[in-house]
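Chains as they are written, first to last, in my numbering: chain P, 21 to 161; chain C, 44 to 445. A quick write-up on the structure given underneath.
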Amino acid sequence: MRIRPCAEFSADFPDDMIEEDGEIVQFGGRGVAEAVAVMLQHLGYDVSPPEHQHEHGWDFEIKVKTDRVWMQISDLGDFILITRYFPGFGLFKKNSDDIYPEMLTRLNGALAGDPRFSNIRWQFHSDVDSGTPGARDPVSE
Amino acid sequence: MAGRETMAEFLERRWREKQHDGQEAVARAHLAFGNAIRAGEDLVLKTRGDVMRYGAKLMAEEPAPGARSGPVGAKSQRPSTVGPVATKPPAPVSQTATGPRREQPSRTGWLDHPTAKAVGGELAREVGNVTGALRGGWHAAEGLYDGAAFLHRLASPFDSLMSPPGESAREQLIAVGREIGEYVKKGVSDPQGVARDVRDKAHRMRIDLDPTATPPAPAFSAEIRRNFDIGQNQGELAFDVGTLAIGGPLPKTASRLGAVSKATSAKYLAQGFNPEGAAYLAEPYVGMGHHFVPRSYRLPLWLGGGPLPRKISDGPFNVLKPDGMTRGDFYERHFRIDPDFKGTTLPARVGGERWKGKALGFEKYGLPGRIWFGSPAPLKARVGGLPAGVGGLIHEPAEGQQ
Numbered sequence: 021m022r023i024r025p026c027a028e029f030s031a032d033f034p035d036d037m038i039e040e041d042g043e044i045v046q047f048g049g050r051g052v053a054e055a056v057a058v059m060l061q062h063l064g065y066d067v068s069p070p071e072h073q074h075e076h077g078w079d080f081e082i083k084v085k086t087d088r089v090w091m092q093i094s095d096l097g098d099f100i101l102i103t104r105y106f107p108g109f110g111l112f113k114k115n116s117d118d119i120y121p122e123m124l125t126r127l128n129g130a131l132a133g134d135p136r137f138s139n140i141r142w143q144f145h146s147d148v149d150s151g152t153p154g155a156r157d158p159v160s161e
Numbered sequence: 044m045a046g047r048e049t050m051a052e053f054l055e056r057r058w059r060e061k062q063h064d065g066q067e068a069v070a071r072a073h074l075a076f077g078n079a080i081r082a083g084e085d086l087v088l089k090t091r092g093d094v095m096r097y098g099a100k101l102m103a104e105e106p107a108p109g110a111r112s113g114p115v116g117a118k119s120q121r122p123s124t125v126g127p128v129a130t131k132p133p134a135p136v137s138q139t140a141t142g143p144r145r146e147q148p149s150r151t152g153w154l155d156h157p158t159a160k161a162v163g164g165e166l167a168r169e170v171g172n173v174t175g176a177l178r179g180g181w182h183a184a185e186g187l188y189d190g191a192a193f194l195h196r197l198a199s200p201f202d203s204l205m206s207p208p209g210e211s212a213r214e215q216l217i218a219v220g221r222e223i224g225e226y227v228k229k230g231v232s233d234p235q236g237v238a239r240d241v242r243d244k245a246h247r248m249r250i251d252l253d254p255t256a257t258p259p260a261p262a263f264s265a266e267i268r269r270n271f272d273i274g275q276n277q278g279e280l281a282f283d284v285g286t287l288a289i290g291g292p293l294p295k296t297a298s299r300l301g302a303v304s305k306a307t308s309a310k311y312l313a314q315g316f317n318p319e320g321a322a323y324l325a326e327p328y329v330g331m332g333h334h335f336v337p338r339s340y341r342l343p344l345w346l347g348g349g350p351l352p353r354k355i356s357d358g359p360f361n362v363l364k365p366d367g368m369t370r371g372d373f374y375e376r377h378f379r380i381d382p383d384f385k386g387t388t389l390p391a392r393v394g395g396e397r398w399k400g401k402a403l404g405f406e407k408y409g410l411p412g413r414i415w416f417g418s419p420a421p422l423k424a425r426v427g428g429l430p431a432g433v434g435g436l437i438h439e440p441a442e443g444q445q
């Protein structure tokens, strides 16, 4: 099983970047991050509120039992979603546990079903923003 | 009209002069002692006699501005440069000859023996020669690149349209020409000033190239460093002279053109940003920096499971934010060392363009590069590479997990 942990997509949201005196005090992507976080909450996950991470954009995390998934949304014209999986400590836990791929697959379904999101491409880290077409699904065999 | 000085008047005057000289000597010795402490030098002045002798020695070497001319100190009056380390390059050294007594570092033992230092210094200079020649080649290539970019801009009819006010290649060249003209004008009115500049330059060159121009350092490691720096300077000079026939100095000259444009936003214009965006990227970076251990990191459950304490996460050992780096250069560095940073947005006032590392052709560093270039200097200095590797590994993305 191969997991593409990143996604590029277009999102029809108002520009929410805030500038003061010509300097950016809040980078864009808050609305998109909140929408994705709400989506995951509706899917039954325990999601933290998105936090501003300056040039990086916005991030939040999802807890599933002792596991944790971190997500970051960056506004680069198209939006970029980066996810990372932090498995919890467990003596009998195996890397092949399905929590992470299942979460990404469910999120992909929710994104595809929301008309505000379009042109969703799942990518490996190294392919993000490289122009490669990516995959329609985050998980492949 | 002053009459002849009586013996009593003479004695009184000399007494006053001696008293004044004594105060001056003590003041100078104290100043030198303060400088030595700041420079980390071992200057030992244990008794009042030591202080007086050392101060008197400094006064004999460099009389204070406005010092009286007299039978004892009839030297030329130059600005005082009191202190045991007036000029330090090529490497911090101790002027052992200037102090009455200096403690020799004892921790290094036999390495501080003059023979060991001489042998080590010779080797360090030879190694420095090689790296200096490489440095010469690098500077030459860099100069060609920068100079070519500037000449290209100079020839372009669109440069003045695409550049912020005062930053077009033509305007920069005019500004440099004006500076040169002013220097020539100043030279005509003050020829001694030009002579002084030439003399200073020659003095600087001797210090940079001649190991005998500066005294040996008291410690073995400092002596190695001093000789290595001198060796590098010699190596670069050898490269320049050796490549004279194939245009060695030309790239260096070209680099001066490059230096003119480097101070501005030309690099970012060349990357395709509009003039306002390029000017913004050429400003010093003021953001939150790069977190070596990412902010997404959480402690293991047996350590509480929460984020790193803010004091550590945002402290100098974890945040890389090099001083004086432009926004554009910092974004490039950040992109190369942080797998989660793909790009960012510029403010709307400068056009709201996006800075995207991949689109600009930059590549991410591998793990060693991320550890080396991504770890803040205090962390590198304090803990070295091994623990720093932990931070680099935490950044390692899980790619295509099985």
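C-beta: ideal position from N, C-alpha, C; glycine also. Just so it is clear, the structure is predicted and the values come from calculations on it, not from any experiment.
(Q) Is there a Cβ of chain C sitting closer than 7 Å to that of residue 74 of chain P, yes or no? (A) Yes, because at least one Cβ of chain C sits closer than 7 Å to the Cβ of residue 74 of chain P.
Q | Segment contact flag, the stretch 49–69 of chain C with the stretch 131–145 of chain P, C-beta cutoff 8 Å, min 3 pairs | A | Look at the beta carbons and you see the stretch 49–69 of chain C not touching the stretch 131–145 of chain P: under three pairs across the two are nearer than 8 Å.
Q. By DSSP, does residue 308 of chain C sit in helix, in strand, or in coil?
A. Look at residue 308 of chain C here: in three-state DSSP terms it is coil, with no helix or strand label.
Q. On the premise that residue 388 of chain C lies in contact with residue 37 of chain P, defined as a C-beta separation below 8 Å, what is that separation, rounded to the nearest angstrom?
A. The pair is a contact, with the Cβ atoms about 6 Å apart (cut-off 8 Å).
Q. Between the stretch 120–140 of chain P and the stretch 152–161 of chain P, are three or more C-beta pairs nearer than 8 Å?
A. Yes, since at least three Cβ pairs between the stretch 120–140 of chain P and the stretch 152–161 of chain P fall closer than 8 Å, the two stretches touch.
Q | Alpha-carbon to alpha-carbon, residue 86 of chain P and residue 385 of chain C | A | Roughly 29 Å separates the two Cα atoms.
(Q) Residues of the stretch 322–335 of chain C in Cβ contact with chain P at a cutoff of 7 Å, in chain order, please. (A) Residues 330, 331.
Q | Residues from the stretch 79–96 of chain P in contact with chain C, defined by Cβ distance under 8 Å | A | Answer set for the stretch 79–96 of chain P: 79, 81, 86, 88, 90, 92, 94, 95, 96.
Q. Along the stretch 380–401 of chain C, what residues have a CB closer than 7 Å to any CB found in chain P?
A. Taking 7 Å as the Cβ-Cβ cut-off, the stretch 380–401 of chain C approaches chain P at 382, 383, 384, 385, 386, 387, 388, 390, 391, 392, 397, 399, 401, given in chain order.
Q: Could you round the C-beta distance between residue 80 of chain P and residue 94 of chain P to whole angstroms and report it? I think they count as a contact, below 8 Å.
A: Rounded to whole angstroms, the Cβ separation of residue 80 of chain P and residue 94 of chain P is 13 Å, and the two are not in contact under 8 Å.
Q) Which chain P residues are close to residue 376 of chain C, counting only those with a beta carbon under 8 Å from its beta carbon? A) Residues of chain P with a Cβ closer than 8 Å to the Cβ of residue 376 of chain C do not exist; the shortest Cβ-Cβ separation is about 12 Å.
Q: Answer with buried or exposed for residue 47 of chain C, where buried requires no fewer than 16 other C-beta atoms within 10 angstroms of its C-beta.
A: Burial check for residue 47 of chain C: the Cβ neighbour count within 10 Å stays below 16, so the residue is exposed.
Q: Would you grab the beta carbon distance between residue 324 of chain C and residue 340 of chain C for me? Rounded to a whole angstrom, and I think it's under 8 Å.
A: Not confirmed; about 29 Å, so no contact.
**Q.** Near-chain C residues of the stretch 39–51 of chain P - C-beta to any C-beta below 8 Å
**A.** Under the 8 Å Cβ criterion, the stretch 39–51 of chain P contributes 39, 42, 43, 44, 47, 48.
Q) What does DSSP give as the partner residues of residue 321 of chain C in its beta bridges? A) Residue 321 of chain C is not bridged to any residue.
**Q.** Continuous beta strand (DSSP E) stretch holding residue 120 of chain P: start and end
**A.** Residue 120 of chain P -> not in any beta strand (DSSP E); alpha helix (DSSP H) instead, spanning 119–132.
Q: Output the distance between the C-alpha atoms of residue 350 of chain C and residue 274 of chain C, rounded to the nearest integer angstrom.
A: Between residue 350 of chain C and residue 274 of chain C, the C-alpha separation is close to 48 Å.
Q: Go ahead and label residue 409 of chain C buried or exposed: buried means 16 or more other beta carbons lie within 10 angstroms of its beta carbon, across all protein chains shown.
A: Under this definition residue 409 of chain C is an exposed residue.
Q) Using 7 Å as the limit for Cβ to Cβ distance, is residue 339 of chain C near chain P? A) Residue 339 of chain C counts as touching chain P.
Q) Are any of the Cβ atoms in chain C nearer than 7 Å to that of residue 119 of chain P? A) Chain C, which has no Cβ nearer than 7 Å to the Cβ of residue 119 of chain P, makes this no.
**Q.** Spatial distance of residue 366 of chain C from residue 252 of chain C (CA atoms)
**A.** So the alpha carbons of these two residues sit roughly 30 Å apart.
(Q) For residue 258 of chain C and residue 149 of chain P, what's the separation of their Cα atoms in angstroms? (A) Cα-Cα distance, rounded: 56 Å.
Q: Could you check what DSSP says for residue 411 of chain C in three-state terms: helix, strand or coil?
A: Residue 411 of chain C: helix per DSSP, three-state reduction.
Q: Determine the direct distance from the alpha carbon of residue 78 of chain C to that of residue 53 of chain C, and round the result to whole angstroms.
A: Distance between the alpha carbons of residue 53 of chain C and residue 78 of chain C is about 37 Å.
Q | DSSP beta-bridge partners of residue 141 of chain P | A | In the DSSP output, where bridge partners are listed per residue, residue 141 of chain P has P:28.
Q. On the three-state DSSP scale, how would you describe residue 271 of chain C?
A. Three-state result, residue 271 of chain C: helix.
Q. Tell me, which residues are paired with residue 105 of chain P by DSSP?
A. Looking at the DSSP assignment, residue 105 of chain P forms a beta bridge with P:89.
Q: Look at the Cβ atom of residue 270 of chain C, then the Cβ atom of residue 167 of chain C, and state whether they are nearer than 7 Å.
A: It is a contact, given that the beta carbons lie within the stated cut-off.
Q | residue 342 of chain C burial status per 10 Å Cβ neighbour count (16 or more: buried) | A | Counting the other CB atoms within 10 Å of its CB gives residue 342 of chain C a total below 16, which places it among the exposed residues.
Q.
So for residue 341 of chain C, helix, strand or coil by DSSP?
A. Residue 341 of chain C carries a strand assignment under DSSP once its states are collapsed to helix, strand and coil.
Q: Answer with buried or exposed for residue 391 of chain C, where buried requires no fewer than 16 other C-beta atoms within 10 angstroms of its C-beta.
A: Counting Cβ neighbours within 10 Å, residue 391 of chain C comes out exposed, since fewer than 16 surround it.
**Q.** Close-in-space but distant-in-sequence residues of the same chain around residue 108 of chain P (CB under 6 Å, 5 per side omitted)
**A.** If we look at residue 108 of chain P and ignore the five residues flanking it on each side, its Cβ neighbours are 86, 87.
Q) Within 10 angstroms of its Cβ, does residue 34 of chain P collect 16 or more other Cβ (buried), or is it exposed? A) With fewer than 16 other Cβ atoms inside 10 Å of its own Cβ, residue 34 of chain P counts as exposed.
Q) Shorter than 7 Å from the beta carbon of residue 84 of chain P to some beta carbon of chain B? A) The structure shown contains no chain B; its protein chains are P and C.
(Q) Distance check for residue 75 of chain P and residue 217 of chain C, CA to CA, integer angstroms please. (A) Those two C-alpha atoms are separated by around 37 Å.
Q: Tell me where the beta strand (DSSP E) around residue 373 of chain C begins and ends.
A: It is not in any beta strand (DSSP E) - residue 373 of chain C instead sits in the alpha helix (DSSP H) that spans 370–380.
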